[in-house]
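**Student:**
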Amino acid sequence: MKSIKKTIVKNTIVFLRVFAYNNRNIIEKELNRMKETRTIEFKENVTNTFLKTVSAFSNYDGGMIFFGVDEYGAKRHYNG
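In terms of this note's numbering, the sequence shown opens at residue 317 and continues consecutively.
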């Protein structure tokens, strides 16, 4: 069962990377149009405040956290 879960996780990560790569121009344009709100948060890096943000979103009404993007919606490189 563990190997099945690992395979699913691995395949999901590969899919997301390919999707992001193939749609990078569209994604970048949309990110540049977006602003931070109560339900949208940009994180340039994963820091110790990450869990606080996740907790706040779960206590509010959910939301989206975008990594590798600065607070103004500009794309930053994120390796991970």
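Think of the CB as a built atom: it goes at the ideal place given N, C-alpha and C, for glycine as much as any other residue.
As the structure is a prediction and not an experimental result, all values here were calculated from the model.
1) On the DSSP bridge list, what partners appear for Ile-381?
2) Leaving out five residues on either side along the sequence, give the residues of the same chain with a beta carbon under 8 Å from the beta carbon of Gly-378.
3) Is it right to say Glu-387 is buried, meaning 16 or more other beta carbons lie within 10 angstroms of its own, or is it exposed?
4) Under a three-way DSSP split, which group does Val-362 fall into?
5) Can you find the residues in the same chain that come closer than 7 Å, C-beta to C-beta, to Glu-352, ignoring five residues on each side of it along the sequence?
6) Report yes if the C-beta distance between Glu-346 and Val-385 is below 8 Å; otherwise report no.
**Tutor:** Answer, in terms of the structure:
1) In the sequence shown, the residue the question calls residue 381 occupies position 65. Bridge partners of Ile-381: Glu-357.
2) Locating residue 378 in the sequence shown gives position 62, counting from the first residue. Excluding residues within five positions, the ones whose Cβ falls inside 8 Å are Thr-355.
3) To locate residue 387, count along the sequence shown from 1; it is residue 71. Exposed, by the Cβ-count rule.
4) Position 46 of the sequence shown, counting from 1, holds the residue named residue 362. Three-state result, Val-362: coil.
5) Position 36 of the sequence shown, counted from the start, is the residue given in the question as residue 352. For Glu-352, where only same-chain residues beyond five positions count, the Cβ hits under 7 Å are Phe-358 and Glu-387.
6) Here residue 346 refers to the residue found at position 30 of the sequence shown. Here residue 385 refers to the residue found at position 69 of the sequence shown. 8 Å or more divides the Cβ of Glu-346 from the Cβ of Val-385.
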